[in-house]
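Quick note, the sequence shown lines up with residues 1 to 222 if you use the working numbering.
Even for Gly, the Cβ is constructed at its ideal location relative to N, Cα and C.
Comments concern the structure below.
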Amino acid sequence: MSATGGAGRQEVTVVLASNNPGKVDELRRLLPAWVRIVTASDARVTLPEETGTTFAENALLKARAAAQQTGYIALADDSGLEVDALGGEPGVRSARYAGEPTDDAANNALLLERLRAVPSAQRSARFRSAVAIVTPDGREHVAEGSVEGVILDKPRGSGGFGYDPLFQPAGFDRTMAELAIDEKNRISHRGRAFRAAAAWLLPILEAARHEASEHEQKTEQS
Numbered sequence: 001m002s003a004t005g006g007a008g009r010q011e012v013t014v015v016l017a018s019n020n021p022g023k024v025d026e027l028r029r030l031l032p033a034w035v036r037i038v039t040a041s042d043a044r045v046t047l048p049e050e051t052g053t054t055f056a057e058n059a060l061l062k063a064r065a066a067a068q069q070t071g072y073i074a075l076a077d078d079s080g081l082e083v084d085a086l087g088g089e090p091g092v093r094s095a096r097y098a099g100e101p102t103d104d105a106a107n108n109a110l111l112l113e114r115l116r117a118v119p120s121a122q123r124s125a126r127f128r129s130a131v132a133i134v135t136p137d138g139r140e141h142v143a144e145g146s147v148e149g150v151i152l153d154k155p156r157g158s159g160g161f162g163y164d165p166l167f168q169p170a171g172f173d174r175t176m177a178e179l180a181i182d183e184k185n186r187i188s189h190r191g192r193a194f195r196a197a198a199a200w201l202l203p204i205l206e207a208a209r210h211e212a213s214e215h216e217q218k219t220e221q222s
């Protein structure tokens, strides 16, 4: 595990197996300032194909690759939409539901087409996210988060991305695309998964920082 800096101010590096700046910002808000977050491109990580059948499997594939290639503690997430009337589709294929290349508008249009004959009362769905953590010494942990809601019959709102304009979370009269960013992050599946992951990870980061500090002090005294 990598830590750098002078005594008492060591940084511990974590690699996020993503190049999404929004995910970096979300993780940064949850971890101490002495944690340095690098992206997959920063660390020159080659991400594997997402061949898992669950969000957790795909997240672990990416986190393992990042940890093995960099020697850093690695985090990765995978998330998507599950619609009960469609047997859990689009699931792990959420981003590629309408095919390649990924296209939010096409995915939303296909979802609405497949739900065309499904009444509002039977359009229950959830966003689900899995965040995997893998350490260089082989420890692994997966944290999950979800938010329940329903799929509307037409998109509303201009914020967010993906299926946000169609998904109305339980207890709200607005879609995810109509929520303020702070409000969305508070209830979102990814926010919940990242918070749970950070709670598990923090003691490991603190131990790595303490170990680096002790090593540096011994080096200075020798």
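I think Leu152 touches Leu166, with their Cβ atoms under 8 Å apart; what is that distance to the nearest whole Å? Mapped onto the sequence shown, residue 152 falls at position 152. Mapped onto the sequence shown, residue 166 falls at position 166. The Cβ separation is near 5 Å, so the contact holds.
Below 8 Å, can you find three or more Cβ-Cβ pairs linking the stretch 24-31 to the stretch 192-205? Between the stretch 24-31 and the stretch 192-205 there are three or more C-beta pairs closer than 8 Å, enough to call the two in contact.
Sequence-distant residues of its chain with Cβ nearer than 7 Å to Arg96 (five each side left out): Translated into positions along the sequence shown, residue 96 becomes position 96. Excluding sequence neighbours, Arg96 sits near Thr102.
Given a cut-off of 8 Å, decide if Ala74 and Leu47 are closer than it, judged by their beta-carbon atoms. As a working mapping, residue 47 is identified with position 47 in the sequence shown. As a working mapping, residue 74 is identified with position 74 in the sequence shown. No; because the gap between Cβ atoms is not below 8 Å, this pair is not in contact.
Residue nearest to Gly138 in terms of C-alpha spacing, selected from Gln10, Val118 and Ala63: Numbered from its first residue, the sequence shown carries residue 138 at position 138. For Gly138, the closest alpha carbon among the candidates Gln10, Val118 and Ala63 is that of Ala63.
What are the start and end residues of the beta strand (DSSP E) that includes Leu16? As a working note, residue 16 is residue 16 in the sequence shown. Per DSSP, Leu16 is one residue of the beta strand (DSSP E) stretching across Glu11 to Leu16.
What ranges does the beta strand (DSSP E) occupy inside the stretch 112-150, keeping only unbroken runs of at least 3 residues that lie completely in it? Those beta strand (DSSP E) runs which fall completely within the stretch 112-150 and span 3+ residues are 124-134.
Can you grab the Cα-Cα spacing for the pair Asn19 / Leu110, in whole Å? Taking the sequence shown and counting its residues from 1, the one referred to as residue 19 is at position 19. Taking the sequence shown and counting its residues from 1, the one referred to as residue 110 is at position 110. Spanning the two alpha carbons is a distance of roughly 27 Å.
Which residues share a DSSP beta bridge with Ile187? Translated into the one-based positions of the sequence shown, residue 187 becomes position 187. The partner list for Ile187 (beta bridge, DSSP) is empty, contrary to what the question assumes.
Just to confirm my understanding: we take Ala76, look at its own chain, exclude 5 residues before and 5 after, and list those with CB closer than 6 Å. What are they? The residue you call residue 76 lines up with position 76 of the sequence shown. Ala17, Ala59, Lys62, Ala63 and Ala132, listed in sequence order.
Along the chain, where does the beta strand (DSSP E) containing Gly80 start, and where does it finish? Walking along the sequence shown from the start, residue 80 turns up at place 80. Gly80 -> beta strand (DSSP E) spans Ile73 to Val83.
Which of the three DSSP states, helix, strand or coil, is assigned to Phe194? Along the sequence shown, one-based indexing puts residue 194 at 194. Reduced to three states, the DSSP call for Phe194 is helix.
Give the single residue among Gly159, Tyr72, Asp173 and Glu144 whose Cα lies nearest to the Cα of Val12. Locating residue 12 in the sequence shown gives position 12, where the first residue counts as 1. Each of Gly159, Tyr72, Asp173 and Glu144 was checked against the Cα of Val12, and the nearest Cα belongs to Tyr72.
Can you give me the C-alpha to C-alpha distance between Arg156 and Lys184, rounded to a whole angstrom? The count along the sequence shown starts at 1 and reaches residue 156 at position 156. The count along the sequence shown starts at 1 and reaches residue 184 at position 184. About 15 Å.
Beta-ladder partner(s) of Phe167, from DSSP: On the sequence shown, residue 167 is found 167 positions in, with the first residue counted as 1. Note: Phe167 sits in a beta bridge opposite Ile151.
Can you give the beta carbon distance from Thr175 to Asp164, rounded, assuming they're within the 8 Å contact cut? What you label residue 175 is simply residue 175 of the sequence shown in a count that begins at 1. What you label residue 164 is simply residue 164 of the sequence shown in a count that begins at 1. With a Cβ gap of about 6 Å, Thr175 and Asp164 count as contacting.
Near Asp84, which residues of its chain fall below 7 Å by C-beta distance, leaving aside the five closest residues on each side in sequence? What you label residue 84 is simply residue 84 of the sequence shown in a count that begins at 1. Excluding its 5 nearest sequence neighbours in each direction, Asp84 has C-beta neighbours in its own chain below 7 Å: Ser124 and Ala125, listed in chain order.
Is the shortest distance between the beta-carbon of Leu201 and the beta-carbons of chain C less than 8 Å? Of the protein chains in this structure there is only one, and it is not chain C.
Cβ neighbour criterion (16 or more within 10 Å) applied to Gly22: The residue you call residue 22 lines up with position 22 of the sequence shown. When all chains shown are included, Gly22 counts as exposed.
Among Glu50, Gln69 and Trp34, which residue has its Cα nearest to the Cα of Ala208? Stepping through the sequence shown from its first residue, residue 208 is reached at position 208. Per the Cα distances, Trp34.
Can you pull the DSSP bridge partners for Val24? Within the sequence shown, the letter at position 24 stands for residue 24. Beta-bridge pairing links Val24 to no other residue.
Local conformation of Thr39 per DSSP, three classes: Here residue 39 is taken as the residue at index 39 of the sequence shown, counted from 1. Thr39 falls in the strand class under three-state DSSP.
Can you tell me whether Gly8 is buried or exposed? The criterion is at least 16 other CB atoms within 10 Å of its CB, across all chains shown. Reading the sequence shown from its first residue, position 8 is the one you call residue 8. Per-residue confidence for Gly8 stands at a pLDDT of 47, beneath the threshold of 50, marking its modelled position as unreliable; the derived number appears in the next sentence. Exposed: under 16 other Cβ atoms inside 10 Å.
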